[in-house]
Every structure is written in structure tokens, then in C-alpha cells.
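Take a look at the structure set out below.
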Amino acid sequence: ETGVTQTPRHLVMGMTNKKSLKCEQHLGHNAMYWYKQSAKKPLELMFVYSLEERVENNSVPSRFSPECPNSSHLFLHLHTLQPEDSALYLCASSQWSSGGGVDTQYFGPGTRLTVL
Amino acid sequence: SQKIEQNSEALNIQEGKTATLTCNYTNYSPAYLQWYRQDPGRGPVFLLLIRENEKEKRKERLKVTFDTTLKQSLFHITASQPADSATYLCALDEVNYGGATNKLIFGTGTLLAVQP
Chain A
129 ETGVTQTPRH LVMGMTNKKS LKCEQHLGHN AMYWYKQSAK KPLELMFVYS
179 LEERVENNSV PSRFSPECPN SSHLFLHLHT LQPEDSALYL CASSQWSSGG
229 GVDTQYFGPG TRLTVL
Chain B
-12 SQKIEQNSEA LNIQEGKTAT LTCNYTNYSP AYLQWYRQDP GRGPVFLLLI
38 RENEKEKRKE RLKVTFDTTL KQSLFHITAS QPADSATYLC ALDEVNYGGA
88 TNKLIFGTGT LLAVQP
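Taken in order, these protein sequences are the chains called A and B. So the first sequence is numbered by the working numbering: it starts at 129 and just counts up by one. So the second sequence is numbered by the working numbering: it starts at -12 and just counts up by one.
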């Protein structure tokens, strides 16, 4: 768990609040990911960054805004969220290879987000 | 699009028995398939990876099989222990027309409960 850290672990926010989730990886990886995990649903990939450049954005609402200032840090900025956005938000990292090689992902502990 | 099916019902077994979890996919055969373990409120942890040209992979008490004809992977835990109780996720690499990608598609997971 110390390979990928996330803060805060729990967050309760109102629909009009602005907050940010932080992720840091200590594994020397070059790709980072944000996932959303809701009850009884599979992990939903939200954003992928490779070498600090966003390479994937799975039609996520604009109220979620990612930021990747360097290969070790990833943020998810939240504003005017809806109650249905309540979920576990997971950050992961991996070593990206342009040839599409094996991509084992290392996850952080997640942030449990509750939107009131 | 690729879909992964894992038994959504919990699997309850007695300590010492072998647990067998199933992962079925519906579309193309992936280049590789991975199994992760997830404990409540935590991020998934990588366990095993098996490639499309491998029939079986073992790691200590864990064994994974991969049958591309049946489009199925089986995950076995022998001599199960209460500490093995967790949700087990199956994940496949996403393939597009350009070949394998570095994106993973996850199943919803199967909850395993090992009774002492």
C-alpha cells in the first residue's frame, strides 16, 4: 500500500463544494489512472495519464477535472458534484509501454467520497 | 464491446477446501488476463497474470487456468483459509484495431467467504 498513496481517505462534501483528491506513486511508473468504483459495478476507468499527458478520458462529466503535474502525482479536482457521484475513487499506476505490453496496475487505498 | 462476467453471488466454503472462482468474457480473447484481490474499502491488489498462450499458472496456493476456446478463466485457492476471504476481480487488457492497449477492463468481482 505504500507504493501508491491517496489522500484524503474519506471525504464528505456538499453539492456546491470544491475539493481535490490527491494521489502519489513511489514506484517509478510512467502512467497513472483514476477509477470510480460504485457498489455492485465494475471499476470504471475515468482518466489515464502517460508521461503526464492525458491519453484517455472516458466521457467523464466536466465536474471532474484531472491534473497530472509530474509522473508521480495525480489530482482529481471536484466541483458541483451530484449525490450519484458518491463512490470509492481509486488511483493506480503502471509502467506504460507503447507496444501495448503487460500492464499490471498498482492501486492506492482509495478515497471514499460521499456527496450530500 | 468486451464484457466480463463473474459470479455476483458470494462463494461460501469451508476452511481447508479449494475455492474455485470463474471469469467469463464475451468477445475477443485478450492477450493476457489478470486476477486481483480487493478487501473492503481498499484498492485491488495484483495476484496473478496469465497470457493467452499459457494454459495454467501457479503461485503458492493459487492457480489460474485460461481456456480461450471456452472464453473462461478459473481461479483456484487450495487449502483455503479465513484470511483468503475477500473479493476477487478478473481483468482483461482491452484490445483495439491497433492491437493490445494498456487499458484494463474489470469484472464486478466475486466475494469469497471462507468459514473456519
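Think of the CB as a built atom: it goes at the ideal place given N, C-alpha and C, for glycine as much as any other residue.
At a C-beta separation below 7 angstroms, Thr95/B has these neighbours in chain A: Lys168, Lys169, Pro170. In the assembly as shown, Ala66/B is an exposed residue. Its beta-carbon has fewer than 16 other beta-carbons within 10 Å.
Only exposed fits His205/A, as fewer than 16 other CB atoms lie within 10 angstroms of its CB. Contact check between the stretch 142 to 150 of chain A and the stretch 72 to 79 of chain B: fewer than three CB pairs, one atom from each, fall below 8 angstroms, which does not count as touching.
In the three-state DSSP reduction, Ala18/B falls in the coil class, being neither helix nor strand. Between the stretch 193 to 212 of chain A and the stretch -3 to 7 of chain B there are fewer than three inter-stretch CB-CB distances shorter than 8 angstroms, so the stretches are not counted as touching.
Considering only beta carbons, the part of the stretch 227 to 241 of chain A lying closer than 9 angstroms to chain B consists of Gly227, Gly228, Gly229, Val230, Asp231, Thr232, Gln233, Tyr234, Phe235, Gly236, Pro237, Gly238, Arg240, in chain order. Contacts with chain A (Cβ-Cβ distance below 9 angstroms) from the stretch 4 to 37 of chain B involve Ala18, Tyr19, Gln21, Tyr23, Gln25, Gly28, Arg29, Gly30, Pro31, Val32, Phe33, Leu36, listed in chain order. For Ala70/B, the secondary structure class from DSSP, reduced to helix, strand or coil, is helix. Leu91/B has a beta carbon lying within less than 8 angstroms of a beta carbon in chain A.
With the rule of 3 Cβ pairs closer than 8 angstroms, the stretch 174 to 181 of chain A does not count as touching the stretch 6 to 22 of chain B. Secondary structure in the stretch 133 to 202 of chain A: the beta strand (DSSP E) runs of 3 residues or longer, each lying completely within the stretch, are 138 to 141, 146 to 153, 159 to 165, 172 to 178, 181 to 185, 192 to 198 in chain order. When CB distances to chain A are screened at a threshold of 7 angstroms, the residues of the stretch 62 to 81 of chain B falling below it are Asp80, in chain order. Ranked by Cα distance from Val188/A, the first of Glu152/A, Cys196/A, Lys164/A is Lys164/A. Around the beta carbon of Ser166/A, fewer than 16 other beta carbons lie within 10 angstroms, which makes this residue exposed.
The secondary-structure analysis by DSSP pairs Ser60/B across a beta bridge with Cys10/B, Phe53/B. Against chain B, the CB of Val176/A has a partner CB under 8 angstroms away; the residue lies at that interface. If you draw a straight line from the Cα of Asn(-1)/B to the Cα of Ala70/B, it comes to about 13 angstroms. Between Gln223/A and His157/A, the beta carbon gap of about 5 angstroms places them in contact (Cβ cut-off 8 angstroms).
Counting only residues of its own chain and dropping the five nearest sequence neighbours on each side, Ser72/B has a CB closer than 7 angstroms to the CB of Leu99, Ala100, Val101. Contact with chain B is found for Leu173/A, since one of that chain's Cβ atoms lies less than 8 angstroms from the residue's Cβ.
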